[in-house]
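S.K.: First, the structure itself, so that you have it in front of you.
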Amino acid sequence: MTLTPEQALEQAALAGIHCLRIPTPFAVGRVNCYLIEDEPLTLVDTGPNSGKALDELESQLAEHGHSIDELELLIVTHQHIDHLGLAEIVVQRSGAKVAALGIAAERLANFDEDAEAEDRFAIDLMLRNGIPEEVTVALRSVSRSFRGWGSHVTVTNPLEDGQVLPFRDRTLQAIHRPGHSPSDTVFWDGERRILIAADHLIAHISSNPLLTRPLDGSDQRPQALVTYIESMLKTREMPAEIVLSGHGEPIVDHIALIDDRIAKHERRKEKIYELIAERPRNAYEIAQAIWGNVAVTQAFLTLSEVIGHADLLVNEGRVWVGNGDIICYEAIE
Ligand SMILES: [Zn+2]
């Protein structure tokens, strides 16, 4: 029998996993962090670096009879600032160990330099895909203004894909599920069939596979949507009963959700194919044809969407990438 989201939260709480909803200044709203009452006493993600988030983290921990200085382990699910911004403060106050995907450790440690490099990568990508320069300039200043909500994170317990973390009352297996970001890691309690999935799966919004530099530091653009669909198909095979997300309510039927998301990507891909078949277009033109003139802050998001689906079409051999200063997609007859 499928649980309701409320029952799923209750069941997680009975297993000592408590959802803490921490405010963020971002459009996504609150971020879900999880307190795991076990040994070690563990927090999964922290919320962004703001006084408001810190106050809420403290008061929500207190509701469960705990405080920041008691925390013994901090798990970081992925590289996005709404999930890790308070990491430095939490570690300073508690001395907690920090577990995160080992191949992401360098990136997490060099937050500022990494954010700069990420901006340069995004601007280059936007210009090469037809986005006007003034939009990229505006986006860069937005991105800089967001940085204060982040933090660098020193990973003390680097995790391998598949590594099992032992607790007194449970084990959690760390599983790399890249796509939404290159460092997305989910944590699996096979005995209770609970998956802590962060932003890998979100019930009410599709997790944007944002174009991001690969973790190995190379400048090769990864195929984020292709990777994300592969990751979702792997998660689909897991016998999860409860999926705890990074935003919104728990997911109680992950197979239906994944099937729905994949069908949606399929439809969008066909729509983009029709636009390219009509005439060759660059990614910015495709985005405008679908969404019109979007807000500046949405420009990179929509570009990631278009390029992600165009990658699928290129891999299927239905579209090719034309030469030129600006990347142009053309249909193969
Ligand atoms: Zn995220």
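Under our numbering, read the sequence shown as residues 19 to 351, first letter to last.
Every residue, glycine too, gets a C-beta built ideally from N, C-alpha and C.
Alpha carbon to alpha carbon, how far is Q191 from D207? Give it in angstroms, no decimals.
M.R.: Position 189 of the sequence shown, counting from 1, holds the residue named residue 207. Position 173 of the sequence shown, counting from 1, holds the residue named residue 191. One C-alpha to the other measures close to 7 Å.
S.K.: In whole angstroms, give me the CA-to-CA distance for K115 and G34.
M.R.: To locate residue 115, count along the sequence shown from 1; it is residue 97. To locate residue 34, count along the sequence shown from 1; it is residue 16. The alpha-carbon atoms of K115 and G34 are separated by roughly 20 Å.
S.K.: For H327, does the count of other Cβ atoms within 10 angstroms reach 16, so buried, or fall short, so exposed?
M.R.: As a working note, residue 327 is residue 309 in the sequence shown. Classification for H327: buried.
S.K.: With 16 as the cutoff for other CB atoms within 10 Å, does T245 come out buried or exposed?
M.R.: Start at 1 with the first residue of the sequence shown, and residue 245 comes out as number 227. T245 is buried by the Cβ-count criterion.
S.K.: Tell me the DSSP bridge mates of V352?
M.R.: An answer regarding residue 352 cannot be provided, because it is not within the stretch 19 to 351 covered by the chain.
S.K.: Please go through the same chain and pick out, in chain order, the residues whose beta-carbon is closer than 6 Å to the beta-carbon of K70, but skip the five residues on each side of it.
M.R.: The count along the sequence shown starts at 1 and reaches residue 70 at position 52. Counting only Cβ-Cβ distances below 6 Å, and skipping sequence neighbours, we find P41.
S.K.: Ligand 1 and H98: does the residue's C-beta get closer than 6 Å to at least one heavy atom of that ligand?
M.R.: Translated into positions along the sequence shown, residue 98 becomes position 80. Yes, Cβ of H98 sits closer than 6 Å to a heavy atom of ligand 1.
S.K.: Got a sec: does ligand 1 put a non-hydrogen atom nearer than 6 Å to the Cβ of D73?
M.R.: As a first step, residue 73 must be located in the sequence shown, where it is residue number 55. Not so, every heavy atom of ligand 1 lies at least 6 Å from the Cβ.
S.K.: Using only the heavy atoms of ligand 1, determine whether one of them is closer than 6 Å to the beta carbon of E217.
M.R.: In the sequence shown, residue 217 corresponds to position 199, counting from 1. For the sequence presented, residue 217 should be read as Asp rather than Glu. Yes, the Cβ of D217 comes within 6 Å of a heavy atom of ligand 1.
S.K.: Would I93 and V62 be called neighbours here (beta carbons separated by less than 7 Å)?
M.R.: Within the sequence shown, residue 93 is the residue found at index 75, counting from 1. Within the sequence shown, residue 62 is the residue found at index 44, counting from 1. Yes, they are a contact pair.
S.K.: Determine whether the beta carbon atoms of V314 and V153 lie at a separation below 7 Å.
M.R.: Counting from 1 along the sequence shown, the entry for residue 314 is found at position 296. Counting from 1 along the sequence shown, the entry for residue 153 is found at position 135. Result yes, Cβ atoms of V314 and V153 sit closer than 7 Å.
S.K.: For N341, count the other beta carbons within 10 Å of its own beta carbon; 16 or more makes it buried, fewer makes it exposed. Which is it?
M.R.: Along the sequence shown, one-based indexing puts residue 341 at 323. So N341 ends up on the exposed side.
S.K.: So V160 is in the alpha helix (DSSP H); what residue range does that whole segment cover?
M.R.: Counting from one through the sequence shown, the residue named residue 160 turns up at place 142. Where V160 is concerned, the enclosing alpha helix (DSSP H) stretches over E151 to F164.
S.K.: Can you tell me whether V204 is helix, strand or coil according to DSSP?
M.R.: Working through the sequence shown from its first residue, we reach residue 204 at position 186. Strand, per DSSP.
S.K.: Below 7 Å between beta carbons: does that hold for G168 and G103?
M.R.: Within the sequence shown, residue 168 is the residue found at index 150, counting from 1. Within the sequence shown, residue 103 is the residue found at index 85, counting from 1. In this structure, G103 lies closer than 7 Å to G168 by Cβ.
S.K.: S85 and L91: beta carbons closer than 7 Å?
M.R.: Here residue 85 refers to the residue found at position 67 of the sequence shown. Here residue 91 refers to the residue found at position 73 of the sequence shown. Going by C-beta atoms, S85 is not nearer than 7 Å to L91.
S.K.: Is it true that the segment 21 to 34 meets the segment 117 to 126, where meeting means three or more beta-carbon pairs spaced less than 8 Å apart?
M.R.: Segments in contact, no.
S.K.: Please look up how many angstroms separate the CB atoms of V204 and A216, rounded, as I've assumed it's under 8 Å.
M.R.: In the sequence shown, residue 204 corresponds to position 186, counting from 1. In the sequence shown, residue 216 corresponds to position 198, counting from 1. Indeed, because the Cβ distance is near 7 Å, the residues count as touching under 8 Å.
S.K.: Should A317 go down as buried or exposed, given a rule of 16 or more other Cβ atoms within 10 Å for buried?
M.R.: Translated into the one-based positions of the sequence shown, residue 317 becomes position 299. Under this definition A317 is a buried residue.
S.K.: Can you look up R285 in the DSSP assignment and give me helix, strand or coil?
M.R.: Position 267 of the sequence shown, counted from the first residue, corresponds to residue 285. Helix, per DSSP.
S.K.: Would you kindly report the start and end of the unbroken beta strand (DSSP E) that includes H101?
M.R.: As a first step, residue 101 must be located in the sequence shown, where it is residue number 83. Careful: H101 lies outside any beta strand (DSSP E), inside the alpha helix (DSSP H) at I99 to L102.
S.K.: For the beta strand (DSSP E) containing R39, list its first residue and its last residue.
M.R.: Here the question's residue 39 lines up with position 21 in the sequence shown. Counting along the chain, the beta strand (DSSP E) containing R39 begins and ends at I35 to I40.
S.K.: Give me whichever residues DSSP pairs with A117 in a beta bridge.
M.R.: Reading the sequence shown from its first residue, position 99 is the one you call residue 117. According to DSSP, A117 bridges with I93 and N175.
S.K.: Specify the secondary structure class of V261 as computed by DSSP and reduced to three states.
M.R.: Locating residue 261 in the sequence shown gives position 243, where the first residue counts as 1. In the structure shown, V261 sits in a strand (DSSP, three-state: E or B).
S.K.: So which of P58, D343, S322 and W338 has the shortest CA-CA distance to F185?
M.R.: Locating residue 185 in the sequence shown gives position 167, counting from the first residue. With distances taken between Cα atoms, F185 lies closest to P58.
S.K.: How is V49 classed by DSSP in three states: helix, strand or coil?
M.R.: For the purposes of this step, residue 49 is identified with residue 31 of the sequence shown, where counting begins at 1. DSSP places V49 in strand when its eight states are reduced to three.
S.K.: For D56, which option in S161, L219, E348 and L89 has the closest C-alpha, if you only look at C-alpha atoms?
M.R.: The residue labelled residue 56 in the question sits at position 38 within the sequence shown. Measuring from the Cα of D56, the nearest candidate turns out to be L89.
S.K.: Can you name the start and end residues of the beta strand (DSSP E) that A215 belongs to?
M.R.: Taking the sequence shown and counting its residues from 1, the one referred to as residue 215 is at position 197. Here the beta strand (DSSP E) through A215 covers I212 to A216.
S.K.: Please confirm whether L293 and A281 have their CB atoms less than 7 Å apart.
M.R.: Taking the sequence shown and counting its residues from 1, one reaches residue 293 at position 275. Taking the sequence shown and counting its residues from 1, one reaches residue 281 at position 263. Not closer than 7 Å, so no.
S.K.: DSSP three-state call for R146: helix, strand or coil?
M.R.: Here residue 146 corresponds to residue number 128 of the sequence shown, with the count starting at 1. Helix at R146.
S.K.: Can you check the segment 223 to 279 for any alpha helix (DSSP H) of at least 4 residues that lies completely inside it and give the ranges in chain order?
M.R.: If we require 4 residues or more, the alpha helix (DSSP H) runs fully inside the segment 223 to 279 come out as 242 to 254.
S.K.: Look up A80 in the DSSP assignment and say whether it is helix, strand or coil.
M.R.: Position 62 of the sequence shown holds residue 80. A80 falls in the helix class under three-state DSSP.
S.K.: Which residue's Cα is closest to the Cα of I68: N226, D100 and L53?
M.R.: Counting from 1 along the sequence shown, the entry for residue 68 is found at position 50. Position check: residue 68 holds Ser in this sequence, whereas Ile was assumed. Among N226, D100 and L53, the Cα nearest to that of S68 belongs to D100.
S.K.: How far does the alpha helix (DSSP H) with Q306 in it extend, from its first residue to its last?
M.R.: Looking up residue 306 in the sequence shown gives position 288. Start and end: A301 to W309.
S.K.: Could one say the Cβ of M250 lies closer than 7 Å to chain C's Cβ atoms, at least one of them?
M.R.: The structure shown has no chain C; it contains just one protein chain.
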